[in-house]
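In the numbering used here, the protein residues as written are 87 to 316.
Structure, as structure tokens:
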């Protein structure tokens, strides 16, 4: 006899599990089909690289991923026309700097860039000088390695590669100019007695106190200076 207030056994075993099994027997055929499609695409887009156009180096979004580097959608118009850059101070804010670009005839025109394998994104903006210079250097490296085939074999135009370069050109398979994050170097120093005697917690507390009383102390000093002048 069943004791206590338990569930009455009522097992369900006829679930027809064979009707819900998902097989994957077409995986080897799909692998072959994808490989053949890649080969056909490479032949169709020859001599362009199989990985597609050149992409810029950008940082990930949000604080969780902003230290990681990845490929962006396209190069900005500032990066394409970049030749030289200098900083100048903003008159209304002396401590702030802005970027000013020199006019460039040696850059890449925005309409020419997609035709030579460079992706363009007119919506992205450059937020830092370091990111701008990194992508400009990426463009310069790409242009140095670039081989431009003429539209008509017997009629060369300005910017087309020489016949010797065309004869030696090969199609780039897979990824090219990969994005890699440089590991920061660590400098080892010898621990001095001054470092051992330094108390970081006390220093932080002192600086917080100074920050909190800065306004009152400045006001008190100004009033004392007025009293002295009288």
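Note that beta-carbon positions come from the ideal geometry of N, C-alpha and C, so glycine has one too.
Identified DSSP bridge partners for residue i
i           : result
residue 241 : 238
residue 277 : Answer is none; residue 277 lacks a bridge partner.
residue 145 : 155
residue 204 : 140
residue 161 : 206
Cβ-Cβ distance between residue i and residue j below 8 Å
i           : j           : result
residue 220 : residue 139 : no
residue 265 : residue 234 : no
residue 210 : residue 159 : yes
residue 255 : residue 133 : yes
residue 249 : residue 243 : no
Closest residue to residue i among the options (Cα-Cα distance)
i           : options            : result
residue 223 : 198, 237, 193      : 193
residue 156 : 143, 167, 95, 164  : 143
residue 387 : 239, 213, 242, 262 : Outside the shown range of the chain, which is 87 to 316, sits residue 387, and nothing can be said about it.
residue 217 : 251, 247, 161      : 161
Below-8 Å beta-carbon distance, residue i vs any chain C residue
i           : result
residue 265 : Absent from the structure is chain C; it holds one protein chain and no more.
Close beta carbons around residue i, own chain, < 6 Å, minus the five adjacent residues each side
i           : result
residue 145 : 152
Same chain, Cβ closer than 8 Å to residue i, neighbours up to 5 away in sequence not counted
i           : result
residue 166 : 193, 194, 195, 196, 199, 204, 206, 225
residue 128 : 136, 257, 259
Distance, residue j Cα to residue i Cα
i           : j           : result
residue 98  : residue 104 : 15 Å
residue 187 : residue 229 : Unreliable positioning characterises residue 187 in this predicted model, as indicated by a pLDDT of 46, which lies under 50. The coordinate reading is nonetheless provided below. Cα-Cα distance, rounded: 20 Å.
residue 148 : residue 154 : 10 Å
residue 131 : residue 123 : 12 Å
residue 304 : residue 288 : 23 Å
residue 182 : residue 213 : Because residue 182 carries a pLDDT of 43, less than 50, the predicted location of this residue cannot be relied on, and no value is offered for it.
residue 316 : residue 301 : 23 Å
residue 125 : residue 116 : 14 Å
residue 311 : residue 284 : 35 Å
residue 297 : residue 215 : 31 Å
residue 93  : residue 112 : 45 Å
Contacting residues, own chain, Cβ-Cβ under 7 Å from residue i (five flanking each side not counted)
i           : result
residue 163 : 196, 208
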